[in-house]
Structures are given as C-alpha cells and as structure tokens.
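Below is one structure, written out as structure tokens, with a few remarks after it.
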Amino acid sequence: MMTRSTRSTVAKTTYGTKNGITKPLKSTTPRPRRAKTQAKVEDIESAKSTAKSRRSSKLEDAKYKVWSKHANTSPFPAFTNPTEDQCRTAHAILENLHGATVRANFAEMSDPSQAYPHVLDALVVAQLSQATSWSNAQRAMKSMAAVYGSTFAYQAILDGGIEKLQDALRPGGMQNRKAKMLTQLLEDVKARHGAWSLDFLFDYSDEEAMKEVLQYHGIGPKSAFCLLSICLQRQSFAVDTHIYRITGLWGWRPEDASREKAQAHLDARVPADVKFALHYLFIVHGRECPRCRGNGNATAMCQFEEELKNVGDEEV
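Numbered continuously in full-length UniProt numbering, the sequence shown closes out at residue 316.
Shown next, in the form of structure tokens:
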C-alpha cells in the first residue's frame, strides 16, 4: 500500500497541473526517428532516380529523333557524290589493295553470324571499339576473358565491381570511361528486359532496332549502325573516324558535315551490296595509306589514287 508521500511523488513525476486540470506530462524519452529518416532518404534517392531516368529518356528520344529525320534519305540532297559508279570503282580498287588484310584481321567478314551470334555481345564489342583502334579493343576483350572467363560473362562483370572492370579494360585504354559505360549498358538491358539478351532485335525492322539500341547510354548512331551491319546483317553503312576522314578527302561528303549527317548521307548514297565490304576496306586504307591516314602526309603517294588513274577516272 502506497503512503501519501509515495502517491505525491508519483503524481509529481507523472502528471502536471494547469488551471486546475491535471494532464500527463510529455515523456522525456526521445522518439525513434530511424524509420522516418530512412524513409526520407529513400524518397530522395527515388526522386533522384526518377529525375535521372527522365533526363536519360529525353536524351534517348533526341538521339532517335536526330537519326530518324534522315533514316532513308540524305540530309544533303543536292550533294550527288558519291555516285554508284564511284562507289563500285572504289570497292574494286580497295578490294585489290586491302582485301586480304581485311579478311585476315576481321573475323566477322567471313561469317558475321558466327563471329557475333548474340546481339548484346555484338553491342558490347561495338562499345569497346569506340574511339580506339580494333587492336586496342581486342586487347581489352582478351584481358576481360582472362579475368572473367569470357568477355561476355555479364553477371561476373557486375559482381566484380567497377574497379575490377577498369583493371580488366586497362590494356585497351580509356578503361575508366568504358568501364562506366559497359556497367550502365548491362544494368539497363537487364532492367528493361529482365535478361541480358537483345536477340529479339533479329525480328525487328531497322527503325525498330535503331530505336531500341539508341535507348542505351553511350550508344550512338555509329555503334548502332555497326550492330545493324555486322550482327543483324542489314544493309547499313557505318562511318568511323577513318571513313569520315577519307570521305572528306575524296569529296564524298560536304566538308562541314557532322559525323551523324555524313553517315546518313553515305548510307543513302552507297549501294547496298557493297556497304559491308566497303566499310572494312575504308578502315584498312585509313590505317595504311600514308596520305589518307590520320595526320597523314599530304604530299605522300596514295596507292588508291594511282590505281584510279589506271581506270581512267581521276575523280573518285
């Protein structure tokens, strides 16, 4: 039984009185805030993710819009080079000069479907080949195979983390940028389709395939055209650094044409049956010709031009 003194003490510690009304005092024990704080953090992260997704979506839509504007026509209708005859003459001469080199260095020339039977694998190769030489891209892929067991071991690549991927890509150069791009590509494909596969693009039209591929960060029209040409075996003419430079030297495009517009123009002008071969022949010529290669000697002899004189057509 509590004494009067005890009851008084309890009352003082439990209740407060104001205007004759007794009310419970507020607890001095702090309320737990973890759940609320965690929810707030999650809301912020969700908002950031949504904003990033919207920005990415706008960029992807812009890339497709730029490409689709001239998907089947040249952005320079009054610029008539190259003609069909110029393309076929160039193909014949370059095949004679570089055909053996192309077949020795590019496996996909002999059997594209066997070299890259899966679309995502081909897209990864296209991404690793960006802004570098094919030999550097091959070094990067060989290193990835040694580290992960395969260049295309996607789960192992993501599980290993970005730093491990950077180390694996180091032999090919630009490892920080390419590791970030490859990681983003793999995560996006899995998020969009629930699997690391884009093989459904085999059944898509060129326009549908381009719209899908251009959705991904770091994939532009050039890489997308490489995918269409090499893996999907469509009649597309991809323009890389060598081709852009040489076609400018040869007057096959306006001098001030952007890379994207030059690609649209050449894709519209080059005959479909020589697009695939001519793409690789240009690449080898751009590497080997002392005049047409990067930082080439303008006074050096171009063997292509010499051969062109023999067929009686001094203007390419």
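Where a beta carbon is used, it is the ideal one built from N, C-alpha and C, also for glycine.
Span separating the alpha-carbon of residue i from that of residue j
i, j, result
"A268", "L165", "39 Å"
"T247", "G194", "41 Å"
"Q235", "I243", "17 Å"
"E152", "T83", "Here residue 152 turns out to be Phe, not Glu, going by the sequence shown. For F152 and T83, the distance between alpha carbons rounds to 41 Å."
"P75", "K261", "6 Å"
"S223", "L308", "31 Å"
"F106", "T80", "31 Å"
"H279", "V239", "7 Å"
"E208", "G173", "33 Å"
"L128", "G99", "24 Å"
"S229", "N136", "21 Å"
"W134", "P77", "33 Å"
"P221", "V284", "21 Å"
"A257", "C292", "18 Å"
"E314", "A300", "Per-residue confidence for E314 stands at a pLDDT of 49, beneath the threshold of 50, marking its modelled position as unreliable; no derived number is given."
"L123", "D206", "15 Å"
"L232", "Y204", "10 Å"
"T73", "V66", "13 Å"
"W250", "L201", "35 Å"
"L158", "L227", "23 Å"
Close Cβ partners of residue i (< 8 Å) along its chain, the five nearest in sequence each way excluded
i, result
"G149", "A156"
"Q303", "L97 and C289"
"A298", "R291"
Contact set for residue i: own chain, Cβ-Cβ below 7 Å, skip 5 residues either direction
i, result
"V274", "C87, R88 and H91"
"Y154", "L186 and W196"
"D199", "H118 and V119"
"P171", "R139, A140 and S143"
"Y116", "E108, A122, V125, I230 and C231"
Collapsed DSSP secondary structure at residue i in the structure displayed
i, result
"M118", "A small fix is needed here, since residue 118 is His in this sequence, not Met. Residue state, collapsed to three classes: coil."
"W250", "coil"
"C231", "helix"
"S49", "Note that S49 has pLDDT 48, beneath the 50 cutoff, so the model's placement of it is unreliable and the number below is only indicative. S49 falls in the helix class under three-state DSSP."
"A131", "coil"
"E255", "coil"
"A300", "coil"
"A238", "coil"
"T101", "helix"
"M174", "coil"
"T89", "helix"
"A137", "helix"
"I243", "helix"
"S295", "At residue 295 the sequence reads Asn, which differs from the Ser that was named. Note: N295 maps to coil in three-state DSSP."
"C289", "coil"
"T183", "helix"
"H279", "helix"
"V270", "coil"
"residue 351", "Within the shown structure, residues of the chain are numbered from 1 to 316, placing residue 351 beyond reach of any answer."
"I219", "coil"
"H70", "coil"
"F225", "helix"
"H265", "helix"
"N81", "coil"
Identity of the residue in the options nearest residue i by Cα
i, options, result
"Y216", "H98, M181 and D159", "M181"
"S179", "E260, S135 and Q130", "It should be pointed out that residue 179 corresponds to Ala in this sequence rather than to Ser. With distances taken between Cα atoms, A179 lies closest to Q130."
"Q175", "R139, D159 and Y204", "R139"
"L97", "R293, A146 and C289", "C289"
"L185", "L249, T241, V119 and D206", "V119"
"T132", "D159, G296 and R177", "R177"
"W196", "D203, Y204, E187 and F202", "E187"
"R245", "Q263, L232 and C231", "Q263"
"G218", "T183, L94, V311 and D85", "T183"
"E306", "V66, I93 and W67", "I93"
"R259", "F282, T241, M141 and R287", "T241"
"L281", "K69, A191, R103 and N310", "R103"
Residues of its chain near residue i, where Cβ-Cβ distance is below 6 Å and the 5 sequence neighbours each way are ignored
i, result
"R7", "Model confidence at R7 stands at a pLDDT of 48, short of 50, so the residue's coordinates are unreliable and nothing is read from them."
"M144", "T151 and A168"
"residue 343", "Residue coverage of the chain in this structure runs from 1 to 316, which leaves residue 343 outside it and unanswerable."
"K63", "L214"
"K211", "Y64"
"A277", "none"
"R253", "T247, A262 and H265"
"F225", "S236 and A238"
"V147", "A168"
Unbroken alpha helix (DSSP H) runs of length 4 or more, entirely within the segment 191-215: which are they? 206-213
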